[in-house]
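In order, the protein sequence lines correspond to chains Z and U.
Take the first sequence: its position 370, counted from the start at 1, is 369 in numbering that gives the first Met the number 0, and no numbers get skipped.
Take the second sequence: its position 158, counted from the start at 1, is 157 in numbering that gives the first Met the number 0, and no numbers get skipped.
Built from N, CA and C at the ideal position, the CB exists for glycine as well.
In this text the structure is predicted, and so the values were computed from the model without any measurement.
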Amino acid sequence: MKVLVLGSSPNAFAAALTLADAGHSVEMLETATVPGAPYVTIEGGEAGLAYPHFCPVLAEKWGLPVANLAHTGRSAIRSDGSWLHVRRTGLIGASEHDSKAWPHFMELMGQGAELLYHLYSNPQPPAFLAEAWRELGRRQSMEVLRLPWMSLRDLLDEWFEDQTLKGLLAEVALEGVAQGPFAAGTAYSLLGRWANGQVLSPMTMKGGCASFYAALRASLEGRPIQLFHYPGMPVLAPDQRSLTVDTHTFEFDFLFSDKDARWTYTQLVNPRYLETEFNRAIRNIRGRGVWQRGLGTCPYPAHWPDEARLDLIHWEPGLVRLEKAWDRVKRNLDVEEGPLQLCWPGLLDDSRPADLIQESFGYGSGWISAHLDVQNRKYFTPVDYERDWQFTQGHLFGADRDLSQSFFLRPIPDYEAPLENVELCGSALHPANHTGRSGHWKALELIRRQP
Amino acid sequence: MKHYDAIVIGGGHNGLVHAAYLARAGRQVLVLERRPVVGGATITEEIYPGYKFLIGSYLISLLRPQVIQELELAKHGLELLPLESTLVPLPNGDYLADWPDHDMTRRELMRHSRRDAETYEEFSLTMRRLSLAMKPLLDLFPPDPTSLAPKDIEQMARIKGVLGNMQRRDFHTLCRLCTMSIADFLDEWFETQPLKAIKCTSGIIGTFMGVRSPGTGYVALHHYLGEIDGVRRSWAFPKGGTGAFAQAIASAARAYGAEIMENAPVHQVLIKHGAACGVVLEDGREFYADRIVSNADAKRTFLQLVPRDQLPGDFLWDIERFRTASPACKVNLALDGLPTFSAVPQGSEQLLRGSIEIAPSVDYLEQAYDDAKYGGWARKPFMDALIPSLLDPGMAPPGQHVMSLFVEYASSEMDWTAEKKAEFLDVVIDTLAEYSPDLKSKIIHKHIMTPRDIQDIIGITSGHIFHGELSLHQLLFLKPSPQWAQYKTPVRHLWMCGSSTHPGGCITGAPGRNAAMELLKDWSA
Ligand SMILES: Cc1cc2nc3c(=O)[nH]c(=O)nc-3n(C[C@H](O)[C@H](O)[C@H](O)COP(=O)(O)OP(=O)(O)OC[C@H]3O[C@@H](n4cnc5c(N)ncnc54)[C@H](O)[C@@H]3O)c2cc1C
Numbered sequence: 000m001k002v003l004v005l006g007s008s009p010n011a012f013a014a015a016l017t018l019a020d021a022g023h024s025v026e027m028l029e030t031a032t033v034p035g036a037p038y039v040t041i042e043g044g045e046a047g048l049a050y051p052h053f054c055p056v057l058a059e060k061w062g063l064p065v066a067n068l069a070h071t072g073r074s075a076i077r078s079d080g081s082w083l084h085v086r087r088t089g090l091i092g093a094s095e096h097d098s099k100a101w102p103h104f105m106e107l108m109g110q111g112a113e114l115l116y117h118l119y120s121n122p123q124p125p126a127f128l129a130e131a132w133r134e135l136g137r138r139q140s141m142e143v144l145r146l147p148w149m150s151l152r153d154l155l156d157e158w159f160e161d162q163t164l165k166g167l168l169a170e171v172a173l174e175g176v177a178q179g180p181f182a183a184g185t186a187y188s189l190l191g192r193w194a195n196g197q198v199l200s201p202m203t204m205k206g207g208c209a210s211f212y213a214a215l216r217a218s219l220e221g222r223p224i225q226l227f228h229y230p231g232m233p234v235l236a237p238d239q240r241s242l243t244v245d246t247h248t249f250e251f252d253f254l255f256s257d258k259d260a261r262w263t264y265t266q267l268v269n270p271r272y273l274e275t276e277f278n279r280a281i282r283n284i285r286g287r288g289v290w291q292r293g294l295g296t297c298p299y300p301a302h303w304p305d306e307a308r309l310d311l312i313h314w315e316p317g318l319v320r321l322e323k324a325w326d327r328v329k330r331n332l333d334v335e336e337g338p339l340q341l342c343w344p345g346l347l348d349d350s351r352p353a354d355l356i357q358e359s360f361g362y363g364s365g366w367i368s369a370h371l372d373v374q375n376r377k378y379f380t381p382v383d384y385e386r387d388w389q390f391t392q393g394h395l396f397g398a399d400r401d402l403s404q405s406f407f408l409r410p411i412p413d414y415e416a417p418l419e420n421v422e423l424c425g426s427a428l429h430p431a432n433h434t435g436r437s438g439h440w441k442a443l444e445l446i447r448r449q450p
Numbered sequence: 000m001k002h003y004d005a006i007v008i009g010g011g012h013n014g015l016v017h018a019a020y021l022a023r024a025g026r027q028v029l030v031l032e033r034r035p036v037v038g039g040a041t042i043t044e045e046i047y048p049g050y051k052f053l054i055g056s057y058l059i060s061l062l063r064p065q066v067i068q069e070l071e072l073a074k075h076g077l078e079l080l081p082l083e084s085t086l087v088p089l090p091n092g093d094y095l096a097d098w099p100d101h102d103m104t105r106r107e108l109m110r111h112s113r114r115d116a117e118t119y120e121e122f123s124l125t126m127r128r129l130s131l132a133m134k135p136l137l138d139l140f141p142p143d144p145t146s147l148a149p150k151d152i153e154q155m156a157r158i159k160g161v162l163g164n165m166q167r168r169d170f171h172t173l174c175r176l177c178t179m180s181i182a183d184f185l186d187e188w189f190e191t192q193p194l195k196a197i198k199c200t201s202g203i204i205g206t207f208m209g210v211r212s213p214g215t216g217y218v219a220l221h222h223y224l225g226e227i228d229g230v231r232r233s234w235a236f237p238k239g240g241t242g243a244f245a246q247a248i249a250s251a252a253r254a255y256g257a258e259i260m261e262n263a264p265v266h267q268v269l270i271k272h273g274a275a276c277g278v279v280l281e282d283g284r285e286f287y288a289d290r291i292v293s294n295a296d297a298k299r300t301f302l303q304l305v306p307r308d309q310l311p312g313d314f315l316w317d318i319e320r321f322r323t324a325s326p327a328c329k330v331n332l333a334l335d336g337l338p339t340f341s342a343v344p345q346g347s348e349q350l351l352r353g354s355i356e357i358a359p360s361v362d363y364l365e366q367a368y369d370d371a372k373y374g375g376w377a378r379k380p381f382m383d384a385l386i387p388s389l390l391d392p393g394m395a396p397p398g399q400h401v402m403s404l405f406v407e408y409a410s411s412e413m414d415w416t417a418e419k420k421a422e423f424l425d426v427v428i429d430t431l432a433e434y435s436p437d438l439k440s441k442i443i444h445k446h447i448m449t450p451r452d453i454q455d456i457i458g459i460t461s462g463h464i465f466h467g468e469l470s471l472h473q474l475l476f477l478k479p480s481p482q483w484a485q486y487k488t489p490v491r492h493l494w495m496c497g498s499s500t501h502p503g504g505c506i507t508g509a510p511g512r513n514a515a516m517e518l519l520k521d522w523s524a
């Protein structure tokens with residue numbers, strides 16, 4: 000069977016590698032201007048997602064490197080110039096009340112995250128969830144069951160008093176999410192990040208995401224997989240047996256689209272071939288990119304504490320700042336001082352420039368220049384992500400990952416590929432991430448169907 | 000001293016329903032109400048002689064039909080006058096109206112959008128199917144999903160049955176509706192702003208969330224549970240106001256033999272050997288009973304009426320963190336004649352006999368929330384208005400009218416000084432006057448209940464009209480505490496029957512009735 004995989008994210012590679020291992024010949028085609036998205040490294044700095052977190056089981060299977068350079072934690076700079084450091088081992092610079100609550104909060108989040116992790120790493124909820132419940136005991140199970148529906152504000156207000164700490168955790172949860180922390184269900188985002196290990200010490204690797212992409216490409220060697228990169232708008236033939244981009248035509252028996260569901264079923268497949276109901280559900284998918292990245296040069300300020308050098312640093316975070324920013328964004332207004340996070344990847348990884356500053360900021364255009372003198376600043380916005388990376392509305396997961404678009408509701412409720420030989424394989428599907436799992440599962444499904 | 004089978008703390012409608020059911024089963028019941036009149040949030044008060052003000056609830060929709068039948072409320076004077084329409088006056092002088100009669104609504108929608116008129120039917124049918132499917136949950140005690148007790152397992156199976164009977168598609172729509180914002184959900188169906196806005200309002204009534212906050216979809220569904228016979232057909236105004244409804248239940252309860260004592264504020268629940276055995280009033284009088292049932296909200300009950308040292312720490316924490324921040328105010332006006340609305344053409348005054356919604360657009364509603372959510376009030380509030388005297392002339396002196404305005408958002412968390420209160424009352428009247436130019440000249444009396452007033456006068460913590468937020472993490476087996484959601488409490492023989500228990504607030508009678516069923520079962524066990 001001849002399979003074409005459209006896209007080149009880790010999920011696309013996972014689909015291709017799985018198929019190749021089963022003896023199928025695979026072609027991979029990237030039509031976005033920039034390949035490898037959403038993991039794109041430019042001169043050592045990350046322009047899209049910053050932390051490759053590929054499924055460890057699959058990584059081992061294909062000999063891929065795992066992220067092993069961990070940030071030491073997170074820090075926040077307060078408006079009065081004081082600092083808060085958030086560590087697995089405890090809080091530094093927090094009130095006594097919050098410091099006491101922290102280990103208990105971590106325990107609860109850890110329990111919730113572990114359950115989610117199981118859900119994320121299995122196509123179907125496994126039976127051992129029942130066991131997990133039993134282990135947790137009744138009271139604790141209830142606590143965990145209560146979490147996903149909450150708003151970040153409700154959750155964090157229950158635990159902490161420090162606005163900076165609450166703001167920091169909410170910023171982590173809402174990075175890339177089009178919602179404010181007062182909205183119900185946002186606590187689920189925090190749990191999701193916790194399950195992916197991205198809250199306290201997210202991990203990168205030597206050379207950043209680019210080196211992971213290089214490893215993925217290298218893994219093709221010796222396998223019946225060919226990777227092509229022809230930027231442009233692919234056109235699917237009416238018989239759905241071939242795809243043309245520019246002057247290059249690819250024939251296939253089966254097509255995997257690693258692109259998001261909206262893009263696949265409006266840009267790639269002509270909605271005319273699809274049922275009204277299906278088109279309606281696709282139109283109803285929500286997701287707009289609201290986060291962006293900045294790269295530039297600026298040494299780590301000498302007067303800043305040493306503790307924060309290897310941290311992700313949040314600038315004056317707060318629930319109200321975040322909610323107010325969202326108030327403006329939802330009305331398509333510019334935000335002057337939205338949420339802002341920084342780090343110096345070169346301090347963690349000596350293969351990158353030491354004075355490389357990497358920003359991640361929500362909404363507006365970022366306001367770092369009011370505080371630090373950043374040279375050669377360039378930034379990457381949802382507009383770039385849509386134009387150069389082919390993500391609908393510049394959303395790096397193709398659609399919001401809130402409760403109404405997760406699990407069996409993703410990409411749309413009761414989803415079944417409407418065309419016989421075209422299927423999604425990327426973050427459009429559960430578990431809505433770039434761990435390679437959805438690509439792997441979908442490929443296995445196809446293999447099972449084809450004796 | 001007389002010993003009762005049960006004492007009910009609080010004569011709100013749920014306390015009265017509860018007492019009536021217990022008395023009907025032959026139990027000796029005493030209801031103790033702190034105010035001079037029973038009803039709690041369902042009361043009619045003549046703040047100014049001759050004008051009957053609805054200082055709490057104003058319309059009935061979710062009241063369980065069993066309660067009306069089983070307690071024979073019609074015999075005790077309950078008369079429900081169905082609402083005829085919903086009107087949204089628009090700033091441009093036009094309006095949008097909505098009737099229980101589908102054809103009329105369809106014709107009206109055609110004026111605004113052909114597409115919406117066509118989708119409307121499908122939308123109504125979908126919502127109707129969802130609410131029909133969900134309705135049985137109102138009458139079930141919520142099972143504990145972590146328990147292996149036969150009654151929990153049985154109840155889980157019943158709920159599974161309810162959900163299992165749904166069409167797959169409806170089940171998915173239900174899951175999405177519960178986790179989405181009402182505005183996003185409606186965006187999928189309609190394009191006309193005022194239509195979306197008026198449908199959005201069910202998602203924010205009583206709730207301190209905006210129309211764009213996920214979670215409001217569920218609140219909308221909650222309000223649809225009373226609307227099965229098509230749109231708003233079952234919203235009704237009780238003749239004499241909601242106070243008359245409370246009096247009807249009180250009369251039924253008394254007929255079954257319950258005693259009701261007004262001006263009897265309970266100071267504390269008496270506990271002996273870990274079991275509740277009576278209450279002491281603020282004036283020192285003591286009453287004893289086998290079971291004590293609190294109709295007061297969970298925070299008031301456990302943080303004020305029960306000594307702290309009688310409660311486990313976990314439970315106290317659950318009650319302390321139970322969210323009750325409230326956005327709702329109530330304004331009542333006495334009017335010298337019927338005000339005119341610029342949007343209502345002459346000859347169409349019958350449109351004023353229904354609900355009048357100041358909700359011109361989705362953005363208007365969201366802005367109202369944004370203004371208030373940091374601890375303030377909406378500069379242009381959302382209002383659900385009603386002129387009860389048009390339906391029941393007995394509500395005001397001849398030729399005059401009363402108007403009831405349910406107003407959002409104004410935060411319970413702000414400092415409500417007398418000046419602030421007066422200022423917000425002006426904001427409300429100014430906003431309404433934009434739609435009714437002669438309103439101000441007709442006002443004889445005006446009266447506002449801020450969340451603080453609702454707390455102080457009606458006795459509900461933070462004035463939350465549902466005794467606690469209707470958010471997903473405070474529902475079913477999580478209401479009000481993860482382990483105590485079946486009307487029992489950690490104190491032996493102390494029970495709950497108010498709106499902070501399943502299925503929550505609104506005039507439903509359901510918590511009162513469900514709690515009575517559970518208590519009677521427990522008693523005979
Ligand atoms: C302004 C407003 C408008 C509303 N509008 C509507 C509407 O239109 N439709 C609708 O369906 N719902 C509406 N609601 C909601 C609905 O009225 C309430 O959810 C419901 O009436 C609550 O009933 P309850 O019996 O559970 O509690 P409550 O009515 O709050 O009764 C509790 C009773 O306990 C008494 N009490 C408290 N502490 C003590 C004590 N220590 N000793 C003795 N007695 C005590 C109180 O005085 C009170 O009478 C509205 C509520 C408000 C406040």
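- Counting along the chain, the unbroken beta strand (DSSP E) around M495(U) starts and ends at L493 to M495.
- H171(U) and D413(Z) have their alpha carbons spaced roughly 8 Å apart.
- Look at I67(U) here: in three-state DSSP terms it is helix.
- Runs of the beta strand (DSSP E) spanning 3 or more residues and lying entirely within the stretch 215–263 of chain U occur at 235–237 and 258–260, in chain order.
- If you compare the alpha carbons of V7(U), A18(U), Y486(U) and Q485(U) with that of A251(U), the shortest gap goes to A18(U).
- Apart from the 5 residues on each side of it in sequence, G508(U) sits with its Cβ closer than 7 Å to the Cβ of H12, N13, V16, L62, R63 and V66 in its chain, given in chain order.
- Under DSSP, Q267(U) takes part in a beta bridge, and its partners are V279(U).
- Pairwise C-beta distances place the stretch 187–198 of chain Z in contact with the stretch 102–111 of chain Z, as three or more of them are shorter than 8 Å.
- No Cβ of chain Z is located within less than 8 Å of the beta carbon of T430(U).
- Contact of H222(U) with chain Z is not assigned, every C-beta pair being separated by 8 Å or more.
- When secondary structure is reduced to three states using DSSP, Y50(Z) falls in the coil class, being assigned neither helix nor strand.
- For the C-beta of Y373(U), the chain Z residues within less than 7 Å are, from N- to C-terminus, V319.
- In the DSSP assignment, K150(U) falls outside any beta strand (DSSP E) and within the unbroken alpha helix (DSSP H) covering P149 to G163.
- Taking non-hydrogen atoms of ligand 1 into account, the C-beta of V292(U) is found less than 7 Å away from none of them.
- Near chain Z, meaning a CB-to-CB distance below 7 Å, the residues of the stretch 352–383 of chain U are D369, K372 and Y373.
- Closest in C-alpha terms to Q246(U), from the list S233(U), H221(U) and E261(U), comes E261(U).
- Going by beta carbons, P311(U) and P479(U) fall outside the 8 Å limit.
- For F255(Z), the enclosing beta strand (DSSP E) starts and ends at F253 to S256.
- Taking non-hydrogen atoms of ligand 1 into account, the C-beta of F236(U) is found less than 7 Å away from none of them.
- In its chain, beyond the 5 residues on either side, G89 and L90 have a beta carbon closer than 7 Å to the beta carbon of S98(Z).
- Interface residue (Cβ-Cβ distance to chain U less than 8 Å): W262(Z) is not classified as such.
- For N513(U), the enclosing alpha helix (DSSP H) has its first and last residue at A509 to S523.
- Three or more Cβ pairs drawn from the stretch 457–477 of chain U and the stretch 135–151 of chain Z lie within less than 8 Å of each other, which places the two stretches in contact.
- Between ligand 1 and E32(U), a heavy atom-to-CB distance of less than 7 Å is present.
- In this structure, the C-beta of F207(U) stays at least 7 Å away from each heavy atom of ligand 1.
- Annotation: the stretch 315–361 of chain Z contains the following complete segments of the alpha helix (DSSP H) (minimum length 4 residues), in chain order: 318–328 and 344–347.
- A contact is defined here as three or more CB-CB pairs under 8 Å, and the stretch 339–355 of chain Z fails this definition with respect to the stretch 263–278 of chain Z.
- Listed along chain U, the residues sitting closer than 8 Å to W132(Z) by beta-carbon distance are T145.
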